[in-house]
Amino acid sequence: MSVSAKEPNFNDAYERTRKSLIERLNDWEDQKSWDDFYKTYWRLIYGVAVKSGLKNEEAFDAVQETIICIAKQQKEGKYDPNKGSFKAWLMNMSRWRIADQFRKRKKDNAIVDCHGVDDSIRTAVIDRFEDKNGPEIERIWEAEWNKSITDRGLAKVKVKVSPKQFQIFDCYVVQGWSVDKVKKELGVSIAQVYLAKHRIGSILKKEIQKLEKQLF
């Protein structure tokens with residue numbers, strides 16, 4: 638799922654969440670690094686939260702609480718890379734905060750339930766995302782993680798190549814246009830299309846490999 642800036646109040650929610658997060662981390666060391674962390678990973682966590690069934694505001698709450706928990710654990714030295722990957726750690730932190738939002742929704746609905754939704758259904762949703770071995774959250778996470786890494790890689794590649802070559806690559810590889818359509822719409826040759834695919838694809842692969850080796 639692509640995160641659209643056109644969604645109602647999306648940009649406002651993003652800035653509000655970021656401002657609130659920075660305020661909560663105000664007394665902690667290296668505040669800029671946590672701001673950078675937020676900018677790097679919020680789309681990933683948000684995307685997983687929304688695909689899990691959370692609404693926009695709930696998803697942003699899950700993003701903020703996830704990063705706060707990670708910051709606390711990092712500060713207390715609870716994250717040990719020898720015991721597991723950062724990717725798995727981030728997934729579990731996100732999973733639990735997403736489950737918290739479902740629990741909060743369940744509690745709110747229990748106070749005023751106008752729809753008569755079966756309580757067992759709500760409980761099943763929470764259990765599904767708390768289960769460490771739950772295949773659904775892992776499937777969603779893997780898809781969003783790969784998208785996040787690819788998007789970040791593309792952003793790095795974009796500043797390293799010519800605008801024209803990137804446009805060709807974006808249309809042909811990312812958007813999935815046919816070779817003929819790229820040739821016609823962009824006024825390039827078939828050879829240029831395949832050259833851009835090969836050259837930029839190679840650079841992108843290296844950027845993704847670098848990103849996958851990074852923790853924060």
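Taking our numbering, I'd label the letters of the sequence shown as residues 638 to 853. Built from N, CA and C at the ideal position, the CB exists for glycine as well. On a predicted model such as this, the values are computed, not experimentally measured, just so you know.
- Item | Residue range of the unbroken alpha helix (DSSP H) whose run includes P800 | From DSSP, the alpha helix (DSSP H) with P800 extends over 800-806.
- At what residues does the alpha helix (DSSP H) containing Y824 begin and finish? This sequence places Gly at residue 824; Tyr is not what is there. In this chain, G824 is not harboured by any alpha helix (DSSP H), its DSSP state being neither H nor E.
- Quick one: Cα of K720 to Cα of S826, how far? So the two alpha carbons sit approximately 51 Å from each other.
- With DSSP collapsed to three states, give me the class of L691. Residue state, collapsed to three classes: coil.
- Query: Is the Cβ-Cβ distance between Q738 and L681 less than 8 Å?
  - Reply: Not a contact, by the Cβ cut-off of 8 Å.
- Just the Cα atoms here: how many angstroms apart are V679 and G714? Sequence check: residue 679 is Trp here, not Val. Rounded to whole angstroms, W679 to G714 spans 22 Å at the Cα level.
- Item | C-alpha gap between E822 and R740, whole angstroms | Cα atoms of E822 and R740: separation of roughly 50 Å, rounded to the nearest angstrom.
- Item | Beta-carbon proximity list for C808, same chain, < 6 Å, skipping 5 on both sides | The residues W814, V819, in chain order, have a CB closer than 6 Å to that of C808 in the same chain once the five nearest residues on each side in sequence are set aside.
- Task: Classify G721 as helix, strand or coil using the three-state DSSP reduction.
- Result: Three-state result, G721: coil.
- Between S689 and I774, which are expected to be in contact by the criterion C-beta below 8 Å, what is the C-beta distance as a whole number of angstroms? By a beta-carbon distance limit of 8 Å, S689 contacts I774. Their separation comes to about 7 Å.
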